[in-house]
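Visitor: In order, the protein sequences belong to chains S and E. For the first sequence, the residue numbers in the working numbering are 1 to 113. For the second sequence, the residue numbers in the working numbering are 114 to 225. All C-beta atoms in this analysis are idealised placements derived from N, C-alpha and C, irrespective of residue type, glycine included.
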Amino acid sequence: DGGITQSPKYLFRKEGQNVTLSCEQNLNHDAMYWYRQDPGQGLRLIYYSQIVNDFQKGDIAEGYSVSREKKESFPLTVTSAQKNPTAFYLCASSYRDPNYGYTFGSGTRLTVV
Amino acid sequence: QKEVEQNSGPLSVPEGAIASLNCTYSDRGSQSFFWYRQYSGKSPELIMFIYSNGDKEDGRFTAQLNKASQYVSLLIRDSQPSDSATYLCAVNSGGSNYKLTFGKGTLLTVNP
Chain S
1 DGGITQSPKY
11 LFRKEGQNVT
21 LSCEQNLNHD
31 AMYWYRQDPG
41 QGLRLIYYSQ
51 IVNDFQKGDI
61 AEGYSVSREK
71 KESFPLTVTS
81 AQKNPTAFYL
91 CASSYRDPNY
101 GYTFGSGTRL
111 TVV
Chain E
114 QKEVEQNSGP
124 LSVPEGAIAS
134 LNCTYSDRGS
144 QSFFWYRQYS
154 GKSPELIMFI
164 YSNGDKEDGR
174 FTAQLNKASQ
184 YVSLLIRDSQ
194 PSDSATYLCA
204 VNSGGSNYKL
214 TFGKGTLLTV
224 NP
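1) Closer than 8 angstroms, CB to CB, is Leu27(S) near chain E or not?
2) Do three or more CB pairs link the segment 30-42 of chain S to the segment 207-223 of chain E at distances below 8 angstroms?
3) Compare the C-beta of Gly216(E) with all C-beta atoms of chain S and state if any pair is closer than 8 angstroms.
4) Verify whether the separation of the beta carbon atoms of Asn84(S) and Glu69(S) is less than 8 angstroms.
5) Hey, quick one: how far does the beta strand (DSSP E) through Glu118(E) stretch, first residue to last?
6) Are three or more beta carbon pairs between the segment 187-204 of chain E and the segment 144-157 of chain E nearer than 8 angstroms?
7) Which same chain residues end up closer than 8 angstroms to Thr114(S) when comparing Cβ atoms and leaving out the 5 residues on each side of it in sequence?
8) Quick one: which residues of the segment 100-111 of chain S get their C-beta closer than 7 angstroms to a C-beta of chain E? List them in chain order.
9) Taking the straight line between their C-alpha atoms, what separation do you get for Ser133(E) and Pro225(E)?
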């Protein structure tokens with residue numbers, strides 16, 4: 001079955017640590033996206049990529065980094081520069097023109113301990 | 114700045130009633146429109162999309178689009194407690210900006 005897989009489901013980060021969230025899709029989608037969702041809030045775009053080896057900053061890119069070395073994979077690193085990283089992180093993918101909408105992964109819940 | 118506006122709710126309806134969720138958007142050139150359902154603690158799932166003016170029905174769900182008035186709505190007939198969730202409206206403005214713009218969502222509660 002085609003889909004989009006995020007791992008881990010839960011992640012705990014100590015102060016000052018970098019952590020990497022995984023996102024893999026086998027839908028042959030060109031574009032991939034990372035969103036952050038805080039309680040009671042909408043989706044805020046962190047980074048997106050429309051083709052391999054290219055990505056753009058979204059609305060809240062500070063303290064985050066990404067790579068897109070393969071079409072199937074779009075990992076997100078939450079760096080120590082992100083001062084308030086506790087949130088629900090959602091990865092999505094779509095065809096390059098998202099006229100069919102996005103498919104979302106199941107999310108990673110990141111908590112700072 | 115392209116914007117998508119939704120009432121945050123909560124919208125509370127009794128079981129069996131029609132729930133009506135509304136969304137307005139600012140970009141008159143928007144081409145496609147989506148409704149996602151998000152249960153608490155889960156990821157959004159696509160339930161409806163619409164491209165043309167008028168109504169589109171799928172089971173108990175009807176999406177309505179009025180491009181002249183720049184609004185899109187979602188009707189849920191015979192609402193069930195399992196429909197209780199946050200509903201996100203998303204808009205594709207087309208052109209070279211290949212991204213959806215999401216509203217903040219409306220929380221729907223269906224009371225048994």
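Guide: Result, derived from the coordinates:
1) no
2) yes
3) yes
4) no
5) Val117 to Gln119
6) Counting Cβ pairs under 8 angstroms, three or more are found: they touch.
7) Absent from the model: residue 114(S). The displayed extent of chain S is 1 to 113, so no value can be given.
8) Gly101, Tyr102, Phe104, Gly105, Ser106 and Gly107
9) 17 angstroms
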